[in-house]
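Before any comments, here is the structure.
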Amino acid sequence: MLQTQEVGYWYKNEQEFLYKNVNLEFQRGKMYAILGASGSGKTTFLSLIAGLDVPKTGSILYNGDALTKIGLRNYRKNDVSIIFQAYNLLPYMSALDNVLTAMAISNSKQADKRAYALENLASVGIDETLAKKSVTQLSGGQQQRVAIVRALCCDHELIVADEPTGNLDEKTSKDIVQLFQKVAHDQQKCIIIVTHEQEVAKACDEVYELKNQAFELIK
Numbered sequence: 066m067l068q069t070q071e072v073g074y075w076y077k078n079e080q081e082f083l084y085k086n087v088n089l090e091f092q093r094g095k096m097y098a099i100l101g102a103s104g105s106g107k108t109t110f111l112s113l114i115a116g117l118d119v120p121k122t123g124s125i126l127y128n129g130d131a132l133t134k135i136g137l138r139n140y141r142k143n144d145v146s147i148i149f150q151a152y153n154l155l156p157y158m159s160a161l162d163n164v165l166t167a168m169a170i171s172n173s174k175q176a177d178k179r180a181y182a183l184e185n186l187a188s189v190g191i192d193e194t195l196a197k198k199s200v201t202q203l204s205g206g207q208q209q210r211v212a213i214v215r216a217l218c219c220d221h222e223l224i225v226a227d228e229p230t231g232n233l234d235e236k237t238s239k240d241i242v243q244l245f246q247k248v249a250h251d252q253q254k255c256i257i258i259v260t261h262e263q264e265v266a267k268a269c270d271e272v273y274e275l276k277n278q279a280f281e282l283i284k
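So the mapping is simple: the numbering used here equals the position in the sequence shown, first residue as 1, plus 65.
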């Protein structure tokens with residue numbers, strides 16, 4: 066589904082590269098974790114596979130086509146949902162409208178989009194009363210849950226997440242991880258999570274650790 070071919074990246078000069086010659090493959094129906102120390106380049110890698118940046122060397126393929134051929138904007142609109150660490154919700158909208166807007170942009174085929182959005186929000190503890198509130202009235206943890214649901218409600222087969230449980234309490238984190246597992250396994254989606262939390266990584270089907278400028282499969 067998603068492949069990296071000889072991918073390399075650096076910020077200022079090639080001698081200070083984050084990684085080189087990265088060849089990974091991610092499949093439908095699986096949940097993946099990317100572990101690594103702060104500053105190792107995990108979030109940068111997420112930006113590359115999400116089509117927010119391009120590698121310095123090599124290429125990234127989605128269903129056999131290079132992202133540059135698909136077009137990064139088309140790829141982000143039609144194929145991948147991104148869960149940002151900073152939420153990136155539209156502050157002038159309610160939680161529900163944030164989800165519905167994302168579904169509209171991604172041309173969701175759900176028949177009753179409002180009911181579907183409310184159902185998914187309720188599954189993470191955002192009831193209808195909260196869903197109708199402006200996101201600026203919600204706590205950080207609640208906003209994070211809205212951001213997660215926004216990504217899950219789109220029809221995209223690929224979901225990438227940057228520290229999606231970072232602002233959540235232990236119970237909510239477990240609930241979210243179980244939701245990710247269900248979506249990956251039952252809906253045959255591919256979920257890739259950047260995390261520093263071992264408990265989140267343990268729940269994933271495969272785990273890569275970014276260490277010493279290389280990715281190592283550790284599970």
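We put the CB at the ideal spot given by N, CA and C, even for glycine.
As assigned by DSSP and simplified to three states, the class of residue i
i	result
Glu-285	The requested residue 285 is not part of the displayed model; the chain covers only 66 to 284.
Met-66	coil
Ala-268	coil
Ser-112	helix
Asn-143	helix
Leu-275	strand
Lys-174	coil
Lys-77	coil
Val-72	strand
Ala-216	helix
Cβ-based burial, residue i [other Cβ within 10 Å; buried from 16]
i	result
Gly-116	buried
Asn-86	exposed
Leu-282	exposed
Asp-234	exposed
Leu-34	Lying before the first or after the last residue shown, residue 34 is absent from the chain, which here runs from 66 to 284.
Gln-170	The amino acid at residue 170 is misidentified as Gln; the sequence shows Ile. Burial call: exposed.
Lys-276	exposed
Glu-228	buried
Ala-180	exposed
Those residues which DSSP pairs with residue i across a bridge
i	result
Ser-199	Ser-159
Gly-101	Leu-275
Met-96	Ile-256
Asp-192	Per DSSP, none; premise fails for Asp-192.
Tyr-84	Tyr-74
Whether residue i touches residue j by CB criterion (9 Å)
i	j	result
Ser-105	Leu-89	no
Leu-67	Leu-126	yes
Gln-202	Glu-222	no
Thr-109	Tyr-74	yes
Glu-264	Lys-284	no
Ser-238	Glu-262	yes
Ala-268	Gln-246	yes
Ile-147	Ile-224	yes
Thr-230	Val-214	no
Ser-124	Gln-70	yes
Gln-150	Asp-220	no
Ile-256	Ala-266	no
* To do: Enumerate, from N- to C-terminal direction, the unbroken alpha helix (DSSP H) stretches of 4 or more residues contained entirely within the stretch 219 to 271.
  => 235 to 251 and 263 to 267
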